[in-house]
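Trainee: Line by line, the protein sequences give chains A and B. In this text, residue positions in the first sequence follow numbering that gives the first Met the number 0: the first is 0, and each later residue adds one. In this text, residue positions in the second sequence follow numbering that gives the first Met the number 0: the first is 0, and each later residue adds one. Every residue gets a Cβ at the ideal spot worked out from N, C-alpha and C, and that includes glycine. Only a predicted model underlies this, so the values are computations on that prediction, with no experimental measurement involved. Have a look at the structure that comes next, please.
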Amino acid sequence: MKIGLVGRSGIVAFLAVGFVSTPLELLAQFTPAPTASALSIPEAHWLKPEALLHLQQIKGEEKPLILQVGSHMLFAQAHIPGSEYIGPGSQPAGIQQLQNRVSALSRKKLIVLYCGCCPLNRCPNLGPAFAKLSEMGFTNVKVLYLADNFGTDWADKGYPVERGY
Amino acid sequence: MAIPSVIRTALRTLSRSFTVKLLLCLCVGVSAAQSPVATTSLLHKDAPQFVRTDLENRKLDLHAYRGKVILLDFWATWCAACQLEIPRFVAWQSQFGPRGLQIIGISMDDDPALARKLYKKMKLNYPVAMGDEKLGQLYGGVLGLPLTFLIDSQGKVQAQFRGETDLKLIEDQFKPLLRP
């Protein structure tokens with residue numbers, strides 16, 4: 000069967016669309032985490048929720064400075080008691096706030112960052128915030144491991160929360 | 000008449016135990032302020048009503064959509080998973096709107112300007128209003144995104160989708176509720 004030029008072009012176009020659109024759809028569903036993502040944080044710096052609760056309960060030990068580096072709206076609904084709201088780590092203003100808050104602290108101070116905005120591998124806030132503290136010379140930074148979000152991995156597990164700003 | 004010592008002792012014991020109980024009550028009361036608070040499930044309950052102004056300055060009254068099958072989507076511009084879902088929501092609104100589907104977006108951004116920018120950029124074809132702590136708490140606590148509620152035509156929450164969800168799962172849930 001002879002296929003004319005137009006027919007061949009049509010077949011090529013059809014195949015091209017088919018080959019390109021499928022990977023694009025897969026890409027949309029499985030887009031890798033953004034640069035400076037939470038996944039760039041070394042494993043040794045992750046802290047499980049139970050471990051943070053334990054740290055908070057140890058008598059006589061200096062309590063960690065707990066900083067929320069995500070959404071204010073989420074913080075206002077519920078946050079870890081004693082934690083402070085800093086601002087989104089993904090925003091320059093949030094990073095500046097973080098810098099201002101910690102600049103006078105000992106570089107050995109135990110600081111715990113958390114967010115809980117969304118699935119950890121998608122979080123845009125923790126990576127930049129952690130990077131900033133590392134850049135400033137802080138050597139005792141932990142990041143709270145909330146795999147899905149603050150609701151699922153903290154509040155729904157019955158861990159204590161506070162409301163309000 | 001002098002109170003017998005036995006009774007005096009009994010009264011002292013009772014008053015102490017009362018004090019202890021009172022102290023216990025106070026402790027419980029204090030701890031309640033920091034008590035664990037899980038997100039509340041709205042499954043099979045009436046969807047909480049609200050009236051807002053959407054990003055196009057139109058009144059957005061949830062009750063006005065009674066009779067439609069609603070996907071109420073809490074999202075934010077900083078939520079990458081939300082942005083992956085939105086194009087599908089736009090497609091669903093076009094495809095299933097005639098069969099009674101209505102998607103409503105609630106942006107949990109702190110800055111409405113960011114939400115408005117993305118609303119235009121992604122050409123959302125459904126109403127979007129700004130959320131806040133009050134609306135979040137009304138919906139059981141929006142403590143992570145994305146969060147989507149499927150509300151049937153009678154106004155009851157039939158499903159809640161917390162976190163990144165297989166969109167096929169959401170579609171399989173709402174399609175049977177639509178008009179043929």
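Look up Ile-85(A) in the DSSP assignment and say whether it is helix, strand or coil.
Mentor: coil
Trainee: With C-beta atoms as the reference, is Asn-124(A) less than 8 Å away from Ser-89(A)?
Mentor: yes
Trainee: Could you pull the DSSP bridge partners for Arg-87(B) from this structure?
Mentor: Bridge partners of Arg-87(B): none, in fact.
Trainee: Indicate whether Ile-105(B) and Leu-61(B) have their beta-carbon atoms separated by less than 8 Å.
Mentor: no
Trainee: Pick out whichever of Gly-115(A), Met-72(A), Gly-86(A) has its Cα sitting closest to the Cα of Arg-162(A).
Mentor: Met-72(A)
Trainee: Nearest-angstrom Cα distance between Gln-101(B) and Glu-49(A)?
Mentor: 41 Å
Trainee: How is the alpha helix (DSSP H) around Gln-136(B) delimited, first residue to last?
Mentor: Counting along the chain, Gln-136(B) sits inside the alpha helix (DSSP H) bounded by residues 132-137.
Trainee: What are the residues that DSSP puts in a beta bridge with Met-198(B)?
Mentor: The displayed coordinates of chain B run from 0 to 179. Any statement about residue 198(B) would go beyond what the structure contains.
Trainee: According to DSSP, is Lys-44(B) part of a helix, a strand, or is it coil?
Mentor: Coil.
Trainee: Do three or more CB pairs link the region 145-154 of chain A to the region 140-147 of chain B at distances below 8 Å?
Mentor: yes
Trainee: Please state the DSSP three-state secondary structure of Val-101(A).
Mentor: helix
Trainee: If you follow the beta strand (DSSP E) that Gln-90(A) is in, where does it begin and where does it stop?
Mentor: Boundaries for Gln-90(A): no beta strand (DSSP E) harbours it, and the DSSP string shows neither H nor E there.
Trainee: Using a Cβ-based criterion (distance less than 7 Å to any ligand heavy atom), does Phe-173(B) qualify as near the ligand COA?
Mentor: This structure lacks the ligand COA; in fact it carries no ligand of any kind.
Trainee: Quick one: any contact between the region 103-119 of chain A and the region 168-175 of chain B, if contact means 3 or more CB pairs under 8 Å?
Mentor: no
Trainee: With 16 as the cutoff for other CB atoms within 10 Å, does Glu-134(A) come out buried or exposed?
Mentor: exposed
Trainee: Buried or exposed for Arg-161(B), going by 16 or more other Cβ atoms inside 10 Å?
Mentor: Flag for Arg-161(B) reads buried.
Trainee: Counting only Cβ pairs nearer than 7 Å, list the residues of chain B close to Thr-151(A).
Mentor: Gly-143, Arg-161, Gly-162
Trainee: Once you ignore the five residues that flank Leu-59(B) on each side, which residues in its own chain have a CB closer than 6 Å to its CB?
Mentor: Arg-51, Asp-53, Pro-126, Ala-128
Trainee: Could you tell me the alpha carbon to alpha carbon distance between Trp-77(B) and Gln-95(A), rounded to whole angstroms?
Mentor: 18 Å
Trainee: Within 8 Å of any Cβ in chain B, is that where the Cβ of Asn-99(A) sits?
Mentor: no
Trainee: In three-state DSSP terms, what is Thr-151(A)?
Mentor: helix
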